[in-house]
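Have a look at the structure below, then the notes.
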């Protein structure tokens with residue numbers, strides 16, 4: 012649903028996560044989503060920071 016309402020939603024989420032990690036390099040992100048496929052898509056781009 013979000014993809015249909017927010018243009019480039021996946022890029023937005025990834026970009027936001029990268030900005031947070033740039034400011035807080037030792038932070039860990041907890042990724043939550045109703046759709047397990049979305050977690051699988053973002054986790055490789057965030058590396059060890061994604062929990």
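Numbering (my numbering), first residue to last: 12 to 62.
Positions of the beta carbon are idealized from the N, C-alpha and C atoms, including for glycine.
Small disclaimer: the values here were computed from a predicted structure and weren't measured.
Between residue 50 and residue 42, the CB-CB gap stays under 8 Å. Counting along the chain, the unbroken alpha helix (DSSP H) around residue 57 starts and ends at 47 to 57. In the three-state DSSP reduction, residue 23 falls in the helix class (H, G or I). Here residue 40 carries a strand assignment [DSSP, helix/strand/coil].
Take the alpha-carbon of residue 59 and the one of residue 39: they are about 8 Å apart.
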